[in-house]
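Just so you know, the protein sequences line up as chains B and U, in that order.
As numbered in my numbering, residues 1043 to 1162 make up the first sequence, in order.
As numbered in my numbering, residues 1043 to 1162 make up the second sequence, in order.
Note that beta-carbon positions come from the ideal geometry of N, C-alpha and C, so glycine has one too.
Only a predicted model underlies this, so the values are computations on that prediction, with no experimental measurement involved.
Notes for the one structure printed next.
There are 2 protein chains.
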Amino acid sequence: MREAAPPPEEIDRILSALADPTRRRMVDMLREGPRRAGDLAAAFAISGPAVSRHLRVLRENDLIEESREAGDARARLYSLRAQPFTELQGWLEEVAAFWTVQLGAFKAHAEKKPRRGKRK
Amino acid sequence: MREAAPPPEEIDRILSALADPTRRRMVDMLREGPRRAGDLAAAFAISGPAVSRHLRVLRENDLIEESREAGDARARLYSLRAQPFTELQGWLEEVAAFWTVQLGAFKAHAEKKPRRGKRK
DNA sequence: GATATATTTAACATCTTGATTATATATTAG
DNA sequence: CTAATATATAATCAAGATGTTAAATATATC
């Protein structure tokens, strides 16, 4: 059976979590593997608490998950979760389906009514 | 040659344009084809000017483009543009590349330390 | 040409977001 | 036990986003 499309609010949440540039870059950093909160903080020119809040937003929206570092339980490790990104990909595919159709329609249209135009 | 990855700021702009639920739903509506500003406005419980501003944000970030309706030049038609969505897909693919790797690592790990677990 | 229609722009109020500093919590090191 | 480290939460503030109503612009209709 086909996997159920996630409720729209879930896509909304994922998108708003990703909408902030700092959080976007955090995701980019985490692509290479789990990172300590401090490592992430060091990469940005904002205060620790600010970083912490961004991480919270990402965590509360399930984009990342938290764990404790092996040797030192003070440090928290953050790592990406696949699910939300997969869901977003799903939505984008649905959106992308449209130009398959639209391009077909446009082509048909262009053939019938080929006005010389600024294609811009 | 491989297509150049878009600058990160461009992905940021696309994401923030999509971060608002109303705009997200507008995109969903436009998936089915071009729509008049008024048609879009009718679909939401907010004032016309509010809709107009959302459309402006989408347009300024190149998610949609504006044209005039054939029979009635008062009406403006909005339609989706493919490019930003394609770029976003590109970024998501880069992100997704990580669990190919991570899952491999996890699998290796799981094989060494196979605790019977709730697979979630 | 006067009026109605479709939509945008302007001006403004308000809610939300992200940043900061100070403080709290937990854990490791001495 | 005490001090240092890693990080989070609290309180506060400024900036930005979004919504509203009123006015402007452009086009169509009578």
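Taken atom to atom, the span from the alpha-carbon of glutamate 1135 of chain B to that of alanine 1124 of chain U is near 12 angstroms. Looking at the DSSP output, glutamate 1108 of chain U shares a beta bridge with U:Tyr1120. Looking at the backbone, the Cα of glutamine 1131 of chain U and that of glutamate 1102 of chain B are separated by about 24 angstroms. Listed by position along chain U, the residues whose Cβ is nearer than 7 angstroms to that of phenylalanine 1140 of chain B are Arg1073 and Leu1122. With a cutoff of 8 angstroms on beta-carbon distance, arginine 1078 of chain B and arginine 1110 of chain B are scored as not near each other. DSSP, reduced to helix, strand and coil, places arginine 1073 of chain B outside both helices and strands of the structure shown, so it counts as coil. Taking a C-beta distance under 8 angstroms as the contact criterion, glutamate 1129 of chain B and glutamate 1074 of chain B do not qualify as a contact pair. By the rule that beta-carbons nearer than 8 angstroms mark a contact, proline 1049 of chain B does not touch chain U.
Annotation: the continuous alpha helix (DSSP H) that includes isoleucine 1053 of chain U extends over 1050–1060.
Rounded to whole angstroms, arginine 1067 of chain U and histidine 1096 of chain U show a C-alpha spacing of 11 angstroms. Secondary-structure assignment with DSSP links arginine 1101 of chain B through no beta bridge to anything. Separation of the CB atoms of aspartate 1054 of chain U and proline 1126 of chain B is rounded to 18 angstroms, and the pair is thereby denied contact status at 8 angstroms. For proline 1076 of chain U, same chain residues with a beta-carbon under 6 angstroms away, outside a window of 5 residues either side, are Leu1119 and Ser1121 in chain order. Phenylalanine 1127 of chain B reaches chain U at Leu1134, Val1137 and Ala1138, counting residues in chain order whose Cβ is nearer than 7 angstroms. Between leucine 1057 of chain B and leucine 1060 of chain U, the CB-CB gap stays under 8 angstroms.
Contact note: serine 1058 of chain B reaches chain U through Ala1061, using a C-beta cutoff of 7 angstroms and chain order. Distance from valine 1099 of chain U to leucine 1082 of chain U at the Cβ level is roughly 13 angstroms; contact not present, criterion being Cβ atoms closer than 8 angstroms. Of the other Cβ atoms in all chains shown, 16 or more fall within 10 Å of the Cβ of arginine 1065 of chain B; this residue is therefore buried. Under the Cβ criterion of 8 angstroms, aspartate 1104 of chain U is not counted among the residues facing chain B.
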